[in-house]
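Contents: one structure, followed by commentary.
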Amino acid sequence: MATLTDTRLSLTQARRLVIKIGSALLVDAGSGQLKSDWLAALALDVAAAKARGADVVLVSSGSIALGRRVLGLPTGELPLEQSQAAAAVGQIRLARAYEEVLQPHGITTAQVLVTLEDTEDRRRYLNTRATMETLLSLGVVPIVNENDTVATDEIRYGDNDRLAAQIAITIGADQLALLSDVDGLYTGNPHTDPTARRLEFVDDITPEIEAMAGDPVSGLSKGGMKTKVMAARTATHGGCAMVIAAGSPLRPLSAIENGANCTWFAALGDPQAARKRWIAAMKPRGVLMIDAGAAQALGQGKSLLPAGVTEVVGQFGRGEPVAIQGPAGALGLGLVRYTADEARKIKGKRSDAIAQVLGYSGRAALIHRDDMVL
Numbered sequence: 006m007a008t009l010t011d012t013r014l015s016l017t018q019a020r021r022l023v024i025k026i027g028s029a030l031l032v033d034a035g036s037g038q039l040k041s042d043w044l045a046a047l048a049l050d051v052a053a054a055k056a057r058g059a060d061v062v063l064v065s066s067g068s069i070a071l072g073r074r075v076l077g078l079p080t081g082e083l084p085l086e087q088s089q090a091a092a093a094v095g096q097i098r099l100a101r102a103y104e105e106v107l108q109p110h111g112i113t114t115a116q117v118l119v120t121l122e123d124t125e126d127r128r129r130y131l132n133t134r135a136t137m138e139t140l141l142s143l144g145v146v147p148i149v150n151e152n153d154t155v156a157t158d159e160i161r162y163g164d165n166d167r168l169a170a171q172i173a174i175t176i177g178a179d180q181l182a183l184l185s186d187v188d189g190l191y192t193g194n195p196h197t198d199p200t201a202r203r204l205e206f207v208d209d210i211t212p213e214i215e216a217m218a219g220d221p222v223s224g225l226s227k228g229g230m231k232t233k234v235m236a237a238r239t240a241t242h243g244g245c246a247m248v249i250a251a252g253s254p255l256r257p258l259s260a261i262e263n264g265a266n267c268t269w270f271a272a273l274g275d276p277q278a279a280r281k282r283w284i285a286a287m288k289p290r291g292v293l294m295i296d297a298g299a300a301q302a303l304g305q306g307k308s309l310l311p312a313g314v315t316e317v318v319g320q321f322g323r324g325e326p327v328a329i330q331g332p333a334g335a336l337g338l339g340l341v342r343y344t345a346d347e348a349r350k351i352k353g354k355r356s357d358a359i360a361q362v363l364g365y366s367g368r369a370a371l372i373h374r375d376d377m378v379l
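Numbered according to the working numbering, the sequence shown spans residues 6 to 379.
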């Protein structure tokens, strides 16, 4: 069993960190105003993580809470159309707020709007992953939120906990921090059960652990402990450790490292291995035949380029799994970045000729090495 001294369970050791921020932390329930001092303090923690060399992604609620004040909408549950209108107005303010607090630290921000569907559909998943990887490689801190202006089921459930877990898996994060108005998982509801105790560490999400998750909901946040445990299941099975902690202290990440109350959930393996298992379990929709040179390159950890493909078999879409076969037989499986028709047109071609052949710029690799299992 892992212990609290395990490097996977220390935010200072995170190589790629996703931080989920609840509405109640960002927006004052009474005035509807942004908590500027708290956000400025969080920026110090983000800057510290970046200085340690970690990639950081923020999954932030708050757009509806900010927008409803501007529009003069009442507190409490809103009809779907009003929630979407509030999100449209609030999202601009939310993105600007993050930009203003992180820019003084030399950190560039980007706004990324997604839905759970974007991370569940293979084609959208690959596009989301490629965009996020590019942003992180450039040192950018993406600010991710649900695309509430067009979402339906997602906006009703307000589930940024699970979205944060999905984003963590998509980008191969090794740490996920859920900052909320609770300081961890308790054996019962601490507000009504005087015997309830906080769990410091969970190494396996059993039915008993799931049964402990009640549904306390704050005035602004729609997520409860059940969504956090669901997020933990997703994250840990994807090789990402997760922590639930109260986000209300200034510099909440530093507070966790200095011993603040929290609950850690241990990762089951590492992110890359979990991703490979996910790909390996898929049924191939087609086959890419490759030459000996390409087979050798794959064995050296390279991506599959169009130049090494000799034949394309079957019909498949972007993001779908295809088998890879070399001169000596089957080599593996991967998620392809082009349709079968596109792959046939560019097979045997250099990557710099893709735009000329297809009439538009595409990705250099047919299958990226991170999307491949050999």
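Cβ coordinates follow ideal geometry from the N, Cα and C atoms, glycine included.
The residues ARG342, in chain order, have a CB closer than 6 angstroms to that of ARG368 in the same chain once the five nearest residues on each side in sequence are set aside.
Here ARG349 carries a helix assignment [DSSP, helix/strand/coil]. In the same chain as LYS307, and ignoring 5 residues on each side of it, the C-beta atoms closer than 8 angstroms to its own belong to ARG374, in chain order.
The continuous stretches of beta strand (DSSP E) do not include LEU71, which lies in the alpha helix (DSSP H) extending over residues 68-76.
Linking GLY77 to ILE69 through their CA atoms gives a straight-line distance of about 12 angstroms. Taking C-beta atoms as the reference points, LEU183 and LYS233 count as a pair closer than 9 angstroms. In the DSSP assignment, ASP33 falls outside any alpha helix (DSSP H) and carries neither an H nor an E.
Contact between PRO326 and ARG282 does not hold, since their C-beta atoms are separated by about 13 angstroms, which reaches or exceeds 8 angstroms. Contact between VAL23 and ILE172 holds: their C-beta atoms lie close to 6 angstroms from each other, under 8 angstroms. LEU63 places its beta carbon 9 angstroms or farther from that of PRO199.
Looking at the DSSP output, GLY291 shares a beta bridge with GLY319. Taking the C-beta atoms as reference points, GLY324 is found nearer than 9 angstroms to TYR130. Nearest to MET287 by C-alpha distance, out of MET247, ALA328, ALA59 and ASN263, is ALA328. Per DSSP, ILE329 lies in no alpha helix (DSSP H) segment; the continuous beta strand (DSSP E) that holds it begins and ends at 326-331.
The beta carbon of ASP275 sits closer than 8 angstroms to those of ASP179 and GLY244, all from its chain and outside the five residues before and after it, given in chain order. Burial state of ARG280 is buried, judged by a 10 Å Cβ sphere holding 16 or more other Cβ atoms. Sorting THR344, ALA91 and VAL362 by C-alpha distance to the C-alpha of ILE372 places THR344 at the top.
Counting only runs of 3+ residues, the beta strand (DSSP E) found wholly inside the region 253-281 occupies 267-270, in chain order. Judged by DSSP in its simplified three-state form, LEU379 adopts coil rather than helix or strand. A residue is called buried once 16 or more other Cβ atoms fall within 10 Å of its Cβ, and TYR103 is buried on that count. Burial check for GLY95: the Cβ neighbour count within 10 Å reaches 16 or more, so the residue is buried. With at least 16 other beta carbons inside 10 angstroms of its own, THR120 counts as buried.
Of all C-beta pairs linking the region 263-271 to the region 188-195, three or more are shorter than 8 angstroms, placing the two stretches in contact. ALA335 has its alpha-carbon roughly 10 angstroms from the corresponding atom of ALA300. In the three-state reduction of the DSSP assignment, LEU309 falls in the strand class.
Taking a 10 Å sphere around the C-beta of GLY58, we find fewer than 16 other C-beta atoms and assign the residue as exposed. Assignment of ALA59 by DSSP, reduced to helix, strand and coil, places it in the coil class. PRO332 sits close to ALA297, with the two beta carbons spaced by under 9 angstroms. Where GLU82 is concerned, there is no enclosing alpha helix (DSSP H), because DSSP gives it neither an H nor an E. By the CB criterion at 9 angstroms, LYS231 and GLU213 fall outside the cutoff.
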